[in-house]
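Mapped onto the working numbering, the consecutive letters of the sequence shown carry residue numbers 255 to 654.
From the three backbone atoms N, C-alpha and C, an ideal C-beta is built for every residue, glycine too.
The structure displayed is predicted, hence computed values, not measured ones.
Encoded as structure tokens, the structure appears first; notes follow it.
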Amino acid sequence: MRIGMMVDMYKPHVSGITNHVALTKQVLEGLGHKVFVFTFGDEEYDDDELYVVRSPGMPLDQGTGFHLSFRYSSAAQKKIQSMDIVHVHHLYLSGPLTLRYCKPRGIPIVFTNHTRYDLYAQYYLPHVPDFISTTFLQAYLPAFCQQCDLVIAPSEGIAQVMQELGVASPIKVIPNGIDLTPYKHPSPPVSRADVGLPKEATVLMYVGRLSAEKNLTFLLRAFFGVAIARPEVVLVLVGDGPERDNLHDQVKYSSLEDKVKFLGEVDYASIPGYLALADIFVTASQTEVHPLSLIEAMACGVPPLGIASPGIEDTITDDEDGFLSPPDIAAFTAKLMQLVMEPETRRRLAEKTRTSVKMYDIHRIVPLLLAEYERLIKETAHRKQGWSGLRQRLRNLLWS
């Protein structure tokens, strides 16, 4: 099978979508399929994998790696036409281009909604009134989904959000998969001394992009309340992004310089080793579709705390394999304090986390995707045969 993965951004850009596509591609190729990634920009980037097809794009923001383009190159267009099926992972660039090049040729199109587009507009289009961005999304998303042969949501909560935005197409829930193996046995392990952490510290860890939609100012405010009462607690932020300087300023203003460590962006393969340092994983984000870093922490046996919201509450079962909090600073701080003060509670939750994440095993998820791909290809072939037969009968009638 020849499968096209359609993404607006790919390596060296770091994101959950990039990691998901790369891992899914690797597993599919291990099963004998040929997987092509179609993306924009970074044409000089030296890919460490085969079949990454890059089209020219105009860089808009060096911090995000986003390149603007309204067409694929001629070589990419020709390659796309040879696909048996294509899978769209970004809505606004890859989505309409995929419809343009694949729909007329009868190539089945799958779309996975990885992003809370309704919420991201608040952070990245701050001067556009909410009702305008929401109205546009309510017009565009349902119409796009209607043109696809299969629409996937990574969680039940996101499927519901899509339906509330007007998507009437059937939505199949298939989680994004992760490779659990490196999280069960992190290698090489990272020691606390390696990153300047006291051996006796209670380590809270966030892994992800340092950006406004991740609600990290809220997280720092909650941590401030805990750090005053519990001097042994340290917060470690792994990742980088446009909010880094603002967060540094907030830490300095709160006199938490010795309590908050910014480790910056680390190689994705090293993440299991860093997560193994943590006693508690913390996130205050309410914009998640499929919280990859949270699932990875659970795979390491680290109990998480998150805010009850789509994506997060689809992943954490409160007081079973983690804690959920309402989006209230006092409630979040209280839950965090409880986890810090109760090592036995952390151990109880940690015992369940490794079991909970088995449903996200990439080797369970890829066969689910493959079954859908094969079904769509077969249905498309039947439709083509039906149209071919109808055309032949019409010719026979005209010439008889």
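Inside the stretch 578-607 only - beta strand (DSSP E) runs reaching at least 3 residues: Correct list: empty.
Nearest neighbour of residue 396, chosen from 365, 341, 358 and 336 [CA to CA]: Nearest C-alpha to residue 396: 365.
Under 8 Å between C-beta atoms of residue 307 and residue 291: If you check the CB distance, residue 307 and residue 291 come in under 8 Å.
Distance cut-off 7 Å: residue 557 Cβ against heavy atoms of the ligand FMN: The ligand FMN is not among the ligands present in this structure, which contains no ligands whatsoever.
Extent of the continuous beta strand (DSSP E) to which residue 458 belongs: Where residue 458 is concerned, the enclosing beta strand (DSSP E) stretches over 456-461.
Beta-carbon proximity of residue 461 to residue 531, cut-off 8 Å: Cβ distance not < 8 Å, so residue 461 and residue 531 don't count as in contact.
Sheet register partners of residue 309 (DSSP bridge): Answer by DSSP bridge pairing, in chain order: 294.
Option nearest residue 220 by Cα separation, candidates 411, 428, 272 and 393: In this structure the chain extends from 255 to 654, so residue 220 is not present and cannot be described.
Contact check, residue 560 vs residue 578, beta carbons under 8 Å: Going by beta carbons, residue 560 and residue 578 fall inside the 8 Å limit.
Among 257, 274 and 263, nearest to residue 617 - alpha-carbon criterion: If we check each option's Cα against that of residue 617, 274 comes out closest.
In chain order, each alpha helix (DSSP H) run of at least 4 residues that lies wholly inside the stretch 405-473: Runs of the alpha helix (DSSP H) inside the stretch 405-473: 410-418 and 435-438.
Contact the stretch 444-457 vs the stretch 479-497: 3+ CB pairs below 8 Å: Because the criterion of three Cβ pairs below 8 Å is met, the stretch 444-457 and the stretch 479-497 touch.
Beta-carbon proximity check, residue 363 vs residue 342, cutoff 8 Å: Yes, these two residues count as a Cβ contact at 8 Å.
Status (buried if at least 16 other CB within 10 Å, exposed otherwise) for residue 380: With a pLDDT of 45 at residue 380, under the threshold of 50, the predicted position of this residue should be treated as unreliable, though the coordinate-derived value follows. Residue 380 comes out exposed.
Secondary structure of residue 621, DSSP reduced to three states: Residue 621 sits in a helix when the DSSP states are folded into three classes.
For residue 438 and residue 549, the rounded distance between their alpha carbons: If you draw a straight line from the Cα of residue 549 to the Cα of residue 438, it comes to about 12 Å.
In chain order, each alpha helix (DSSP H) run of at least 4 residues that lies wholly inside the stretch 329-372: The stretch 329-372 contains these whole alpha helix (DSSP H) runs: 348-356.
Simplified DSSP assignment, three categories, for residue 266: Secondary structure at residue 266: coil, using DSSP grouped into helix, strand and coil.
Stretch pair the stretch 345-354 + the stretch 628-638: three plus CB contacts closer than 8 Å: In short, these stretches do not touch, since the Cβ pair count stays below three.
Where residue 507 falls, given that 16 or more other Cβ within 10 Å makes a residue buried: By the neighbour-count rule (16 or more Cβ atoms within 10 Å), residue 507 is not buried but exposed.
Pair within 8 Å by beta-carbon distance, residue 285 and residue 325: Against a cut-off of 8 Å, the Cβ pair of residue 325 and residue 285 comes out as no contact.
Residue(s) in a DSSP beta bridge with residue 256: Its beta-bridge partners are 288.
Limits of the beta strand (DSSP E) - the one that residue 558 falls within: Note, residue 558: beta strand (DSSP E), 558-561.
Contacting residues, own chain, Cβ-Cβ under 6 Å from residue 498 (five flanking each side not counted): Cβ within range, chain order: 464.
Beta carbon of residue 334 nearer than 8 Å to that of residue 258: Going by C-beta atoms, residue 334 is nearer than 8 Å to residue 258.
Local Cβ density within 10 Å of residue 570, reported as buried at 16 or more and exposed below that: With at least 16 other beta carbons inside 10 angstroms of its own, residue 570 counts as buried.
Same chain, Cβ closer than 7 Å to residue 412, five either side skipped, listed in chain order: The residues are 367, 543, 564 and 565.
Which of helix, strand or coil DSSP assigns to residue 479: Of the three classes helix, strand and coil, the one that applies to residue 479 here is helix, per DSSP.
Collapsed DSSP secondary structure at residue 495 in the structure displayed: Reduced to three states, the DSSP call for residue 495 is coil.
For residue 324, three-class secondary structure by DSSP: Residue 324: coil per DSSP, three-state reduction.
Cβ-based burial, residue 518 [other Cβ within 10 Å; buried from 16]: Result: exposed.
Candidates 527, 422 and 567, of which the one nearest residue 443 by Cα: Looking at the Cα atoms, 527 is the closest of the given residues.
Residue 623 to residue 514 span [Cα, whole Å]: In a straight line, the C-alpha of residue 623 is about 41 Å away from that of residue 514.
Rounded separation between residue 391 and residue 417 - CA only: Going from the Cα of residue 391 to the Cα of residue 417 covers about 12 Å.
Three-way DSSP call (helix, strand, coil) for residue 271 in this model: In the structure shown, residue 271 adopts helical secondary structure according to DSSP, grouped into three states.
Residue 503 (DSSP reduced to helix, strand or coil): In the structure shown, residue 503 sits in a helix (DSSP, three-state: H, G or I).
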